[in-house]
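*Asks:* According to the working numbering, the sequence shown is numbered sequentially starting from 6.
Ideal Cβ positions, reconstructed from N, Cα and C, are used throughout, including at glycine.
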Amino acid sequence: MKLLLIEDEPAVVSVITRGLSEAGYEVSVAPDGNSGLQMALNNPTFRLIILDVMLPGMNGIEVCRSLRNAKQEVPILMLTALGTTENIVMGLDSGADDYLVKPFKLQELEARIRSLLRRKTNTDIAVPVTAPSVLSLADLELDTDTKSASRQGKSIQLTATEYRLLEFLLKNPRKVLSRLEILEQVWGIEFNMNTKVVDVYINYLRKKINKPHAAELIHTVVGLGYMLRENKADEDTY
Ligand code: CA
6 MKLLLIEDEP AVVSVITRGL SEAGYEVSVA PDGNSGLQMA LNNPTFRLII LDVMLPGMNG
66 IEVCRSLRNA KQEVPILMLT ALGTTENIVM GLDSGADDYL VKPFKLQELE ARIRSLLRRK
126 TNTDIAVPVT APSVLSLADL ELDTDTKSAS RQGKSIQLTA TEYRLLEFLL KNPRKVLSRL
186 EILEQVWGIE FNMNTKVVDV YINYLRKKIN KPHAAELIHT VVGLGYMLRE NKADEDTY
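The following block contains the structure:
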C-alpha cells in the first residue's frame, strides 16, 4: 500500500519511513510542500498522505487546502509540532482527516493510519438498498447518496467533516451525545484529544443550518454535550 510522506526533517523522515516500511507500507517522500503537492496531484495511487504543517515553501495547511480544492479525497494525516487548538482546527478545517502532535510514538502513527484507512474504506462500501438514503429532522435533510444537505429546501454546502458530524447527529436524534462520543464517531479518534474541536465544528454546522426564521435544531445540553432535536413550542427561534 502506497503512502506519501511530506516532511522536511530528515530525522523524522527516516524514523517514519523505516517504521512504516517494516509495517508493510511503501512510503514515498517529498521534502517540501510544493513537490509534495505535485506528487500527490500526479499520483492517484497514494492511499494516504502524512503531511507536516511546518514545511519550506508552501506549508502543510496550504498543501491540504490545494488538494481538497483539486477534489483529491485521499485521507490526510497532519503532523504538527504546535498542539494548540487553533492550529489543530486550522488543519482539520483545511481538509485534513486527522492530526498527530509531535513528538509521537510510531505505534500511535500506525494506529492512526489504520483508523483512517478503515474509515475511508467503510464509507466506500455500497449502502444496502434497504438503507434510507435521506436522513431528516424537521425541515433539515441530508442525502447520504449525494452527500448533500438542505434546510427548507435550500441546499447547504458542507465540508467533509461537517458532513460526517451532521450525519452522526441525524442518525442519533433526540439523544444526548457527549463531546467524546462525537469525537470518537466523527473523527475516529480514540486517543486523548482536546474535545474543543467538537464545539468549534458544532458552531460551524449551526451557522450553516440556521437559516433565517428557522428553528434551532442543535441544542447544547449543559455539562453533557449536544442533542439534535426539534424545537419545543416555548423555545426561541433564530
Ligand atoms: Ca517540518
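At which residue ranges does the segment 17-74 contain complete alpha helix (DSSP H) runs of 4 or more residues, listed in the order of the chain?
*Replies:* Runs found: 38-47 and 65-74.
*Asks:* Return helix, strand or coil for E172, following the three-state DSSP convention.
*Replies:* Position 167 of the sequence shown holds residue 172. Reduced to three states, the DSSP call for E172 is helix.
*Asks:* Can you say whether G228 is buried or exposed, counting buried as having 16 or more other CB atoms within 10 angstroms of its CB?
*Replies:* Taking the first residue of the sequence shown as 1, we reach residue 228 at position 223. Answer is exposed; the Cβ neighbour count stays below 16.
*Asks:* Have a look at L233 and V34 and give me their C-alpha separation to the nearest angstrom.
*Replies:* Against the sequence shown, residue 233 aligns to sequence position 228. Against the sequence shown, residue 34 aligns to sequence position 29. Those two C-alpha atoms are separated by around 43 Å.
*Asks:* Could you check if L9 belongs to the surroundings of ligand 1, using beta carbon to heavy atom distance under 7 Å?
*Replies:* Counting from 1 along the sequence shown, the entry for residue 9 is found at position 4. Flag unset: Cβ of L9 not near ligand 1.
*Asks:* Out of S160, L46, K107 and A219, point me to the one whose CA is closest to V20's CA.
*Replies:* Position 15 of the sequence shown, counting from 1, holds the residue named residue 20. That would be K107, whose Cα lies nearest to the Cα of V20.
*Asks:* Does the contact criterion of 3 or more C-beta pairs under 8 Å hold for the segment 164-180 versus the segment 39-57?
*Replies:* No, the segment 164-180 is not in contact with the segment 39-57.
*Asks:* Quick check: what's the CA-CA separation for V181 versus N208?
*Replies:* Start at 1 with the first residue of the sequence shown, and residue 181 comes out as number 176. Start at 1 with the first residue of the sequence shown, and residue 208 comes out as number 203. When rounded, the distance between both Cα atoms is 17 Å.
*Asks:* Can you grab the Cα-Cα spacing for the pair P133 / D150, in whole Å?
*Replies:* To locate residue 133, count along the sequence shown from 1; it is residue 128. To locate residue 150, count along the sequence shown from 1; it is residue 145. For P133, the pLDDT reaches just 47, beneath the cut-off of 50, and the residue's location in the model is therefore unreliable, leaving the point undetermined.
*Asks:* Let's test the definition: count the other Cβ atoms within 10 Å of the Cβ of R117 and tell me whether it reaches 16, buried, or not, exposed.
*Replies:* Here residue 117 refers to the residue found at position 112 when the sequence shown is read from its first residue. Buried, by the Cβ-count rule.
*Asks:* How would you call P80, buried or exposed, if buried means at least 16 neighbouring beta carbons within 10 angstroms?
*Replies:* Numbered from its first residue, the sequence shown carries residue 80 at position 75. Label assigned to P80: buried.
*Asks:* Is M59 near ligand 1, going by C-beta to nearest heavy atom under 7 Å?
*Replies:* Translated into the one-based positions of the sequence shown, residue 59 becomes position 54. Yes, the beta carbon of M59 sits closer than 7 Å to at least one heavy atom of ligand 1.
*Asks:* For P133, name the three-state secondary structure that DSSP assigns.
*Replies:* Translated into the one-based positions of the sequence shown, residue 133 becomes position 128. Any reading at P133 is ruled out, since the residue's pLDDT is 47, under 50, leaving its predicted position unreliable.
*Asks:* Compute the Euclidean distance between the alpha carbons of S71 and Q157, then round it to the nearest angstrom.
*Replies:* As a working note, residue 71 is residue 66 in the sequence shown. As a working note, residue 157 is residue 152 in the sequence shown. Their Cα atoms are separated by approximately 32 Å.
*Asks:* Just verifying my parser: in three-state terms, what is the DSSP assignment at G158?
*Replies:* Numbered from its first residue, the sequence shown carries residue 158 at position 153. DSSP places G158 in coil when its eight states are reduced to three.
*Asks:* For P15, is the classification buried or exposed, using 16 other Cβ atoms within 10 angstroms of its Cβ as the cut-off for buried?
*Replies:* Within the sequence shown, the letter at position 10 stands for residue 15. Exposed, by the Cβ-count rule.
*Asks:* If we call anything under 8 Å between Cβ atoms a contact, is L25 one with V18?
*Replies:* For this step, residue 25 is matched to residue 20 along the sequence shown. For this step, residue 18 is matched to residue 13 along the sequence shown. Result no, Cβ atoms of L25 and V18 do not sit closer than 8 Å.
*Asks:* Determine whether the beta carbon atoms of G100 and R119 lie at a separation below 8 Å.
*Replies:* One-based indexing of the sequence shown puts residue 100 at position 95. One-based indexing of the sequence shown puts residue 119 at position 114. Taking 8 Å as the Cβ cut-off, G100 and R119 do not qualify as a contacting pair.
*Asks:* Pick out whichever of Y231, K176, N215 and L10 has its Cα sitting closest to the Cα of L60.
*Replies:* Residue mapping note: residue 60 aligns to position 55 of the sequence shown, counting from 1. L60 has its Cα closest to that of L10, out of Y231, K176, N215 and L10.
*Asks:* Along the beta strand (DSSP E) that carries E146, what are the first and last residues, could you check?
*Replies:* On the sequence shown, residue 146 is found 141 positions in, with the first residue counted as 1. Segment L145 to D148, the beta strand (DSSP E) holding E146.
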